[in-house]
Amino acid sequence: MIGDMGRASGKDVWSISAAARFAASVEPKPLTQALRDGWAALRFRHPSIATTADGDTLQYHVPDAQRLTRWLDETFIVVRGESSIDGILGTLPPRASACCYYLEDATEVILQLSHWRTDGIGAFYLLGALLKATIDHLRDEPHHFAWGQETVRLVPSVEWALKLPNRPTEAIEMATKAYLNTLSHAHGALGIPSQPMPAAQAARLPTLCFSVNKTAELLSACSQRGIRFESALHASVTAAAYSIAGPATASGSNHHSSTLRHSLRPHLPAPYHGVAGAAGLYTAAYFAKVPGTQSWLDNARYYETEYANGASPDLIPILSYGVIST
414 MIGDMGRASG
424 KDVWSISAAA
434 RFAASVEPKP
444 LTQALRDGWA
454 ALRFRHPSIA
464 TTADGDTLQY
474 HVPDAQRLTR
484 WLDETFIVVR
494 GESSIDGILG
504 TLPPRASACC
514 YYLEDATEVI
524 LQLSHWRTDG
534 IGAFYLLGAL
544 LKATIDHLRD
554 EPHHFAWGQE
564 TVRLVPSVEW
574 ALKLPNRPTE
584 AIEMATKAYL
594 NTLSHAHGAL
604 GIPSQPMPAA
614 QAARLPTLCF
624 SVNKTAELLS
634 ACSQRGIRFE
644 SALHASVTAA
654 AYSIAGPATA
664 SGSNHHSSTL
674 RHSLRPHLPA
684 PYHGVAGAAG
694 LYTAAYFAKV
704 PGTQSWLDNA
714 RYYETEYANG
724 ASPDLIPILS
734 YGVIST
(Lines of atoms letter the chains of each structure in order from A and count residues from 1; the text may use other names and numbers.)
(Lines give C-alpha, C1' and ligand atoms only; values in the text may rest on other atoms or scores of the structure.)
Protein backbone atom coordinates (compact mmCIF):
# COMPACT_ATOMS: atom_id res chain seq x y z
CA MET A 1 0.00 0.00 0.00
CA ILE A 2 1.02 3.60 -0.58
CA GLY A 3 0.26 5.80 2.42
CA ASP A 4 0.64 9.41 3.50
CA MET A 5 2.65 8.70 6.64
CA GLY A 6 3.64 12.36 6.99
CA ARG A 7 0.06 13.56 7.43
CA ALA A 8 0.16 13.54 11.24
CA SER A 9 3.21 15.84 11.20
CA GLY A 10 1.82 18.07 8.45
CA LYS A 11 4.48 16.97 5.96
CA ASP A 12 4.16 15.64 2.43
CA VAL A 13 5.89 12.32 3.09
CA TRP A 14 4.73 9.09 1.48
CA SER A 15 5.49 5.48 2.22
CA ILE A 16 5.33 2.00 0.75
CA SER A 17 4.08 -0.61 3.22
CA ALA A 18 3.91 -4.39 2.86
CA ALA A 19 2.31 -6.55 5.52
CA ALA A 20 1.87 -10.24 6.29
CA ARG A 21 -0.06 -12.29 8.81
CA PHE A 22 1.32 -15.70 9.62
CA ALA A 23 0.95 -18.65 11.99
CA ALA A 24 3.91 -20.16 13.82
CA SER A 25 4.12 -22.95 16.38
CA VAL A 26 6.81 -21.09 18.28
CA GLU A 27 6.85 -19.40 21.66
CA PRO A 28 6.56 -15.59 21.41
CA LYS A 29 10.03 -14.75 22.71
CA PRO A 30 12.09 -16.91 20.32
CA LEU A 31 9.83 -15.91 17.42
CA THR A 32 10.37 -12.22 18.15
CA GLN A 33 14.13 -12.80 18.36
CA ALA A 34 14.12 -14.76 15.10
CA LEU A 35 12.32 -11.91 13.35
CA ARG A 36 14.83 -9.41 14.72
CA ASP A 37 17.70 -11.62 13.54
CA GLY A 38 15.94 -12.00 10.19
CA TRP A 39 15.70 -8.20 9.95
CA ALA A 40 19.46 -7.94 10.50
CA ALA A 41 20.00 -10.59 7.81
CA LEU A 42 17.77 -8.63 5.45
CA ARG A 43 20.00 -5.58 5.89
CA PHE A 44 23.06 -7.64 4.96
CA ARG A 45 21.40 -9.08 1.86
CA HIS A 46 19.66 -5.84 0.87
CA PRO A 47 21.79 -3.07 2.42
CA SER A 48 19.92 -0.30 0.59
CA ILE A 49 17.14 -0.58 3.19
CA ALA A 50 19.59 1.12 5.56
CA THR A 51 20.61 4.01 3.34
CA THR A 52 19.63 7.50 4.44
CA ALA A 53 18.88 10.50 2.24
CA ASP A 54 21.04 13.62 2.45
CA GLY A 55 19.77 16.00 -0.20
CA ASP A 56 20.33 14.32 -3.56
CA THR A 57 22.74 11.79 -2.07
CA LEU A 58 22.09 8.43 -0.44
CA GLN A 59 24.51 7.44 2.30
CA TYR A 60 25.30 4.00 3.66
CA HIS A 61 27.49 3.26 6.68
CA VAL A 62 28.93 -0.19 7.29
CA PRO A 63 27.91 -1.05 10.85
CA ASP A 64 30.10 -2.36 13.62
CA ALA A 65 28.44 -4.44 16.35
CA GLN A 66 27.38 -1.39 18.36
CA ARG A 67 25.99 0.49 15.36
CA LEU A 68 24.11 -2.60 14.15
CA THR A 69 22.49 -3.06 17.57
CA ARG A 70 21.47 0.60 17.61
CA TRP A 71 20.02 0.30 14.10
CA LEU A 72 18.03 -2.78 15.13
CA ASP A 73 16.74 -1.03 18.25
CA GLU A 74 15.57 1.91 16.14
CA THR A 75 14.08 0.04 13.20
CA PHE A 76 12.76 -3.28 14.56
CA ILE A 77 9.76 -2.28 16.63
CA VAL A 78 7.66 -4.74 18.62
CA VAL A 79 4.03 -3.74 19.18
CA ARG A 80 2.50 -5.57 22.13
CA GLY A 81 -1.13 -5.75 23.17
CA GLU A 82 -4.26 -5.83 21.06
CA SER A 83 -3.54 -4.26 17.68
CA SER A 84 -3.98 -4.82 13.97
CA ILE A 85 -2.31 -3.76 10.75
CA ASP A 86 -5.16 -1.44 9.82
CA GLY A 87 -5.30 -0.08 13.37
CA ILE A 88 -1.73 1.20 13.46
CA LEU A 89 -0.81 1.73 9.81
CA GLY A 90 -2.23 5.25 9.67
CA THR A 91 -0.43 6.25 12.88
CA LEU A 92 3.14 5.31 11.92
CA PRO A 93 5.44 8.34 11.74
CA PRO A 94 7.96 9.04 8.96
CA ARG A 95 11.40 7.54 9.64
CA ALA A 96 14.78 8.03 8.02
CA SER A 97 15.35 4.31 7.56
CA ALA A 98 13.20 1.36 6.60
CA CYS A 99 11.36 -0.12 9.60
CA CYS A 100 9.88 -3.45 10.54
CA TYR A 101 6.91 -3.46 12.93
CA TYR A 102 6.04 -6.78 14.54
CA LEU A 103 2.56 -7.01 16.07
CA GLU A 104 3.35 -9.72 18.58
CA ASP A 105 -0.15 -10.69 19.72
CA ALA A 106 -1.55 -10.77 16.19
CA THR A 107 1.60 -12.34 14.64
CA GLU A 108 1.57 -9.73 11.90
CA VAL A 109 4.51 -7.88 10.44
CA ILE A 110 4.64 -4.57 8.56
CA LEU A 111 7.53 -3.30 6.46
CA GLN A 112 7.43 0.48 6.20
CA LEU A 113 9.65 2.05 3.56
CA SER A 114 9.92 5.54 2.10
CA HIS A 115 8.32 5.87 -1.33
CA TRP A 116 11.72 6.62 -2.90
CA ARG A 117 13.30 3.45 -1.52
CA THR A 118 11.34 0.80 -3.42
CA ASP A 119 8.14 0.06 -5.31
CA GLY A 120 5.30 -2.41 -4.81
CA ILE A 121 7.12 -5.36 -6.39
CA GLY A 122 10.28 -4.62 -4.44
CA ALA A 123 8.38 -4.34 -1.15
CA PHE A 124 7.00 -7.85 -1.54
CA TYR A 125 10.44 -9.15 -2.51
CA LEU A 126 11.77 -7.70 0.75
CA LEU A 127 8.89 -9.11 2.78
CA GLY A 128 9.50 -12.58 1.35
CA ALA A 129 13.23 -12.32 2.04
CA LEU A 130 12.55 -11.27 5.65
CA LEU A 131 10.27 -14.25 6.29
CA LYS A 132 12.78 -16.64 4.71
CA ALA A 133 15.60 -15.27 6.85
CA THR A 134 13.39 -15.61 9.94
CA ILE A 135 12.67 -19.25 9.10
CA ASP A 136 16.41 -19.89 8.74
CA HIS A 137 16.98 -18.58 12.26
CA LEU A 138 14.11 -20.65 13.67
CA ARG A 139 15.71 -23.73 12.10
CA ASP A 140 19.03 -22.84 13.72
CA GLU A 141 20.49 -22.16 10.29
CA PRO A 142 21.63 -18.58 10.82
CA HIS A 143 24.24 -17.08 8.55
CA HIS A 144 27.33 -15.30 9.83
CA PHE A 145 27.83 -12.03 8.02
CA ALA A 146 31.09 -10.28 7.20
CA TRP A 147 29.90 -6.70 7.45
CA GLY A 148 31.51 -4.55 4.81
CA GLN A 149 31.01 -7.09 2.05
CA GLU A 150 27.35 -6.14 1.73
CA THR A 151 28.18 -2.86 -0.03
CA VAL A 152 28.49 -4.68 -3.37
CA ARG A 153 24.73 -5.25 -3.17
CA LEU A 154 23.73 -1.58 -2.83
CA VAL A 155 21.26 -1.06 -5.66
CA PRO A 156 22.01 1.41 -8.45
CA SER A 157 19.82 4.27 -9.58
CA VAL A 158 17.52 3.59 -12.50
CA GLU A 159 19.64 5.90 -14.68
CA TRP A 160 22.82 3.94 -13.94
CA ALA A 161 21.19 0.52 -14.20
CA LEU A 162 19.67 1.30 -17.61
CA LYS A 163 22.80 3.14 -18.82
CA LEU A 164 20.79 6.12 -19.93
CA PRO A 165 22.56 8.78 -22.02
CA ASN A 166 23.87 11.95 -20.41
CA ARG A 167 22.66 14.18 -23.24
CA PRO A 168 19.20 13.97 -24.79
CA THR A 169 18.83 13.21 -28.47
CA GLU A 170 16.22 14.95 -30.61
CA ALA A 171 14.00 11.87 -30.33
CA ILE A 172 14.29 11.91 -26.54
CA GLU A 173 13.39 15.61 -26.43
CA MET A 174 10.28 14.95 -28.53
CA ALA A 175 9.25 12.03 -26.32
CA THR A 176 9.82 14.15 -23.23
CA LYS A 177 7.49 16.82 -24.57
CA ALA A 178 4.82 14.23 -25.38
CA TYR A 179 4.88 12.69 -21.92
CA LEU A 180 4.97 16.08 -20.21
CA ASN A 181 1.86 16.99 -22.14
CA THR A 182 0.00 14.19 -20.36
CA LEU A 183 0.16 16.32 -17.21
CA SER A 184 -2.50 18.49 -18.82
CA HIS A 185 -4.96 15.61 -18.40
CA ALA A 186 -5.23 16.58 -14.74
CA HIS A 187 -6.80 19.92 -15.67
CA GLY A 188 -10.57 19.71 -15.41
CA ALA A 189 -10.45 16.05 -14.46
CA LEU A 190 -13.10 14.41 -12.35
CA GLY A 191 -12.37 14.56 -8.64
CA ILE A 192 -13.67 12.28 -5.91
CA PRO A 193 -15.55 13.99 -3.06
CA SER A 194 -14.19 13.12 0.36
CA GLN A 195 -14.68 14.04 3.97
CA PRO A 196 -11.81 15.94 5.61
CA MET A 197 -9.81 13.81 8.03
CA PRO A 198 -8.25 14.95 11.30
CA ALA A 199 -4.58 15.76 10.89
CA ALA A 200 -3.62 12.89 13.18
CA GLN A 201 -5.08 10.33 10.78
CA ALA A 202 -3.48 9.04 7.60
CA ALA A 203 -4.34 6.42 5.01
CA ARG A 204 -5.84 3.18 6.26
CA LEU A 205 -5.86 -0.25 4.69
CA PRO A 206 -9.43 -1.32 3.95
CA THR A 207 -9.35 -4.77 2.41
CA LEU A 208 -11.83 -6.44 0.09
CA CYS A 209 -11.24 -10.18 -0.07
CA PHE A 210 -12.56 -12.51 -2.76
CA SER A 211 -13.03 -16.24 -2.32
CA VAL A 212 -11.05 -18.66 -4.47
CA ASN A 213 -14.13 -19.35 -6.58
CA LYS A 214 -14.95 -15.66 -7.03
CA THR A 215 -11.34 -14.94 -7.97
CA ALA A 216 -11.46 -17.70 -10.59
CA GLU A 217 -14.69 -16.23 -11.98
CA LEU A 218 -13.15 -12.75 -12.22
CA LEU A 219 -10.03 -14.00 -13.97
CA SER A 220 -12.11 -16.08 -16.37
CA ALA A 221 -14.32 -13.09 -17.19
CA CYS A 222 -11.22 -10.99 -17.90
CA SER A 223 -9.76 -13.70 -20.12
CA GLN A 224 -12.99 -13.96 -22.12
CA ARG A 225 -12.84 -10.23 -22.83
CA GLY A 226 -9.16 -10.24 -23.73
CA ILE A 227 -8.08 -8.04 -20.83
CA ARG A 228 -5.90 -8.55 -17.80
CA PHE A 229 -7.17 -8.15 -14.25
CA GLU A 230 -5.27 -4.88 -13.78
CA SER A 231 -7.11 -3.33 -16.72
CA ALA A 232 -10.48 -4.45 -15.34
CA LEU A 233 -9.58 -3.08 -11.92
CA HIS A 234 -8.46 0.25 -13.37
CA ALA A 235 -11.72 0.54 -15.33
CA SER A 236 -13.66 -0.25 -12.15
CA VAL A 237 -11.82 2.49 -10.25
CA THR A 238 -12.83 4.89 -13.01
CA ALA A 239 -16.45 3.70 -12.84
CA ALA A 240 -16.44 4.09 -9.06
CA ALA A 241 -15.15 7.66 -9.39
CA TYR A 242 -18.06 8.56 -11.67
CA SER A 243 -20.51 6.78 -9.38
CA ILE A 244 -19.29 8.66 -6.30
CA ALA A 245 -19.24 11.99 -8.12
CA GLY A 246 -22.93 11.64 -8.96
CA PRO A 247 -25.20 11.90 -12.01
CA ALA A 248 -24.04 15.41 -12.91
CA THR A 249 -20.89 13.89 -14.40
CA ALA A 250 -22.71 11.27 -16.48
CA SER A 251 -23.15 13.68 -19.38
CA GLY A 252 -19.48 13.32 -20.19
CA SER A 253 -18.55 16.93 -19.46
CA ASN A 254 -15.84 15.62 -17.15
CA HIS A 255 -13.09 13.19 -18.00
CA HIS A 256 -11.33 10.88 -15.58
CA SER A 257 -7.57 11.14 -15.30
CA SER A 258 -5.32 8.68 -13.52
CA THR A 259 -1.74 7.53 -13.44
CA LEU A 260 -0.53 4.64 -15.54
CA ARG A 261 2.54 3.19 -13.87
CA HIS A 262 4.84 0.64 -15.45
CA SER A 263 7.51 -1.51 -13.87
CA LEU A 264 10.99 -1.07 -15.30
CA ARG A 265 12.27 -4.26 -13.68
CA PRO A 266 11.91 -6.39 -16.86
CA HIS A 267 14.29 -3.94 -18.57
CA LEU A 268 16.98 -4.01 -15.87
CA PRO A 269 20.18 -6.01 -16.33
CA ALA A 270 20.91 -8.99 -14.12
CA PRO A 271 20.83 -9.27 -11.19
CA TYR A 272 18.69 -6.18 -10.55
CA HIS A 273 15.70 -7.40 -12.58
CA GLY A 274 14.96 -9.90 -9.80
CA VAL A 275 15.15 -10.10 -6.03
CA ALA A 276 18.60 -8.46 -5.96
CA GLY A 277 16.95 -5.18 -6.98
CA ALA A 278 14.28 -5.38 -4.28
CA ALA A 279 15.40 -2.22 -2.46
CA GLY A 280 15.28 -0.02 -5.54
CA LEU A 281 12.58 2.13 -7.10
CA TYR A 282 12.17 1.08 -10.71
CA THR A 283 8.92 2.43 -12.13
CA ALA A 284 7.81 5.07 -14.62
CA ALA A 285 4.43 6.74 -14.96
CA TYR A 286 2.39 9.18 -17.00
CA PHE A 287 -1.20 10.45 -17.00
CA ALA A 288 -4.00 8.86 -18.99
CA LYS A 289 -7.57 10.05 -19.41
CA VAL A 290 -10.88 8.55 -20.49
CA PRO A 291 -14.10 10.46 -21.30
CA GLY A 292 -17.23 10.02 -19.25
CA THR A 293 -19.11 8.84 -22.35
CA GLN A 294 -17.16 5.59 -22.64
CA SER A 295 -18.42 2.28 -21.31
CA TRP A 296 -16.63 0.24 -18.66
CA LEU A 297 -15.47 -2.22 -21.32
CA ASP A 298 -14.17 0.55 -23.59
CA ASN A 299 -12.19 1.95 -20.68
CA ALA A 300 -10.87 -1.50 -19.77
CA ARG A 301 -9.72 -2.07 -23.35
CA TYR A 302 -8.00 1.31 -23.40
CA TYR A 303 -6.16 0.55 -20.18
CA GLU A 304 -5.33 -2.91 -21.53
CA THR A 305 -3.60 -1.37 -24.53
CA GLU A 306 -1.57 0.91 -22.27
CA TYR A 307 -0.58 -1.87 -19.88
CA ALA A 308 0.26 -4.20 -22.76
CA ASN A 309 2.57 -1.58 -24.28
CA GLY A 310 4.40 -1.33 -20.96
CA ALA A 311 7.42 0.91 -20.57
CA SER A 312 7.94 1.74 -24.23
CA PRO A 313 11.39 2.42 -25.75
CA ASP A 314 10.63 6.14 -25.96
CA LEU A 315 9.59 6.33 -22.29
CA ILE A 316 12.66 4.75 -20.71
CA PRO A 317 15.39 7.17 -21.91
CA ILE A 318 13.64 10.29 -20.60
CA LEU A 319 13.80 9.02 -17.01
CA SER A 320 17.27 10.48 -16.61
CA TYR A 321 15.91 14.01 -17.04
CA GLY A 322 13.58 13.91 -14.07
CA VAL A 323 10.41 14.68 -15.99
CA ILE A 324 8.61 11.39 -15.46
CA SER A 325 8.05 10.10 -11.95
CA THR A 326 10.11 7.13 -10.82
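Read in order, the letters of the sequence shown correspond to residues 414 to 739 in my numbering.
Each residue gets a CB set at the ideal place from its N, CA and C atoms; glycine is no exception.
These numbers come from a predicted model, not from an experiment.
Cβ-based burial, residue i [other Cβ within 10 Å; buried from 16]
i      : result
PRO460 : buried
ILE429 : buried
THR718 : exposed
GLU563 : buried
SER708 : exposed
ARG456 : buried
GLY535 : buried
ASP532 : buried
VAL703 : buried
HIS550 : buried
SER644 : buried
Chain-order list of residues whose beta-carbon lies under 7 Å from that of residue i (same chain, five-residue window excluded)
i      : result
ALA632 : Sequence inspection shows Leu at residue 632; the Ala mentioned does not correspond to that position. Within the same chain, LEU632 has close Cβ partners PHE642.
GLY494 : ASP518
Close beta carbons around residue i, own chain, < 8 Å, minus the five adjacent residues each side
i      : result
LEU603 : ALA654, TYR655, ALA658, THR662, ASN667, HIS668, HIS669, SER670 and GLY705
TRP529 : ALA466 and LEU694
Beta-ladder partner(s) of residue i, from DSSP
i      : result
GLY489 : Per the sequence shown, the amino acid found at residue 489 is Phe instead of Gly. DSSP output for PHE489 lists CYS513 as bridge partner(s).
PRO704 : HIS668
ARG638 : ARG638 pairs with nothing; no bridge assigned.
ASP727 : Paired residue(s): none; ASP727 is not in a bridge.
GLU521 : ARG434 and LEU516
HIS686 : Bridge partners of HIS686: none, in fact.
Span separating the alpha-carbon of residue i from that of residue j
i      : j      : result
ALA713 : HIS647 : 7 Å
THR520 : HIS556 : 24 Å
VAL625 : CYS635 : 15 Å
PHE558 : PRO506 : 31 Å
TYR695 : THR672 : 16 Å
ILE731 : GLU572 : 10 Å
PRO476 : THR482 : 9 Å
GLY687 : GLY601 : 39 Å
ALA553 : THR547 : Ala is not the amino acid found at residue 553; the sequence shown has Asp there. Distance between the alpha carbons of ASP553 and THR547: 10 Å.
Neighbourhood of residue i by C-beta distance below 6 Å, restricted to the same chain and skipping five residues each side
i      : result
ARG434 : GLU521
VAL568 : SER461, GLY690, ALA692 and GLY693
ALA431 : LEU524, ALA536, PHE537 and LEU540
ALA574 : LEU681 and TYR685
Neighbour flag for residue i against chain B, beta carbons, 9 Å
i      : result
ALA599 : The chain inventory of the structure shown lacks chain B, comprising one protein chain alone.
### Message
Within 8 Å, do at least three Cβ pairs link the region 432-440 to the region 472-489?
### Response
no
### Message
Under 8 Å: do the region 499-517 and the region 444-454 share three or more Cβ pairs, one atom per stretch?
### Response
yes
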